[in-house]
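This report refers to the structure that appears directly beneath it.
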């Protein structure tokens with residue numbers, strides 16, 4: 001059966017569930033190529049389509065929100081203590097991150113960075129957390145104040161991030177995607193130019 005979605009949001013993309021299975025096929029329509037933004041939208045569409053709601057009955061929304069908040073705290077603590085075992089249990093096997101430097105990181109990249117000490121967090125504090133649910137997918141946005149060193153360079157300051165959780169077939173929440181963007185302070189004359 002065809003999974004409906006708004007093609008104005010994701011033009012040129014088809015999402016089809018294979019009959020009798022949970023397999024979802026995403027394919028470009030015609031000869032259009034997916035740019036980076038469409039590829040991210042395709043990945044999020046896959047997450048929403050691939051994990052059927054029937055895998056496990058959903059708890060009440062406030063319980064689920066509490067569960068996501070706990071996972072966010074576990075993720076933070078795993079980074080601050082370089083706990084690769086905890087981080088391994090939180091990340092999906094096909095996890096993909098886009099760093100504030102624009103670098104792509106897999107689950108193995110993230111674990112190796114902590115394991116070898118190339119990535120070290122000395123401070124990681126969150127404010128303005130928002131959690132939204134779409135079936136078996138949770139999207140978390142927040143403002144993070146970070147002090148860290150990474151293979152890409154020093155990471156200090158404020159960053160907006162988006163983290164995507166999806167329930168796996170066993171009903172466990174896993175982090176499937178992460179993206180961070182540096183918050184830049186604009187002077188008064190720059191603010192006026194934007195508005």
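In full-length UniProt numbering, the protein residues as written are 1 to 195. Beta carbons are placed, not taken as given, at the ideal position from N, Cα and C, and that holds for glycine.
Residue range of the unbroken alpha helix (DSSP H) whose run includes residue i
i: residue 64; result: 61–80
Nearest neighbour of residue i, chosen from the options [CA to CA]
i: residue 152; options: 64, 98 and 87; result: 98
i: residue 61; options: 138, 148, 163 and 71; result: 138
i: residue 164; options: 154, 120 and 180; result: 180
i: residue 185; options: 158, 73 and 91; result: 158
i: residue 64; options: 91, 171, 115 and 114; result: 171
i: residue 167; options: 67, 120 and 136; result: 136
i: residue 119; options: 128, 134 and 78; result: 78
i: residue 148; options: 74, 73, 117 and 162; result: 117
i: residue 67; options: 112, 154 and 140; result: 140
i: residue 182; options: 162, 176 and 169; result: 162
C-beta neighbour in chain C for residue i, strict 8 Å
i: residue 96; result: In the displayed structure, chain C is absent; only one protein chain is listed.
The beta strand (DSSP E) enclosing residue i, as first and last residue numbers
i: residue 112; result: Counting along the chain, residue 112 falls outside any beta strand (DSSP E), though it belongs to the alpha helix (DSSP H) covering 107–116.
i: residue 162; result: 153–167
i: residue 185; result: Careful: residue 185 lies outside any beta strand (DSSP E) and carries neither H nor E.
i: residue 141; result: 137–150
i: residue 92; result: 91–98
Classification of residue i by the beta-carbon crowding that lies within 10 angstroms, buried from 16 upward
i: residue 130; result: exposed
i: residue 174; result: buried
i: residue 81; result: exposed
i: residue 144; result: buried
i: residue 123; result: exposed
i: residue 101; result: exposed
i: residue 191; result: For residue 191, the predicted structure reports a pLDDT of 49, less than 50, and the residue's modelled location is therefore unreliable. A value from the coordinates is still provided. So residue 191 counts as exposed.
i: residue 146; result: buried
i: residue 155; result: buried
Where residue i sits in the DSSP three-state scheme
i: residue 127; result: strand
State whether the region 80–95 contacts the region 103–111, with contact taken as three or more CB pairs (one from each stretch) at a distance under 8 Å. yes
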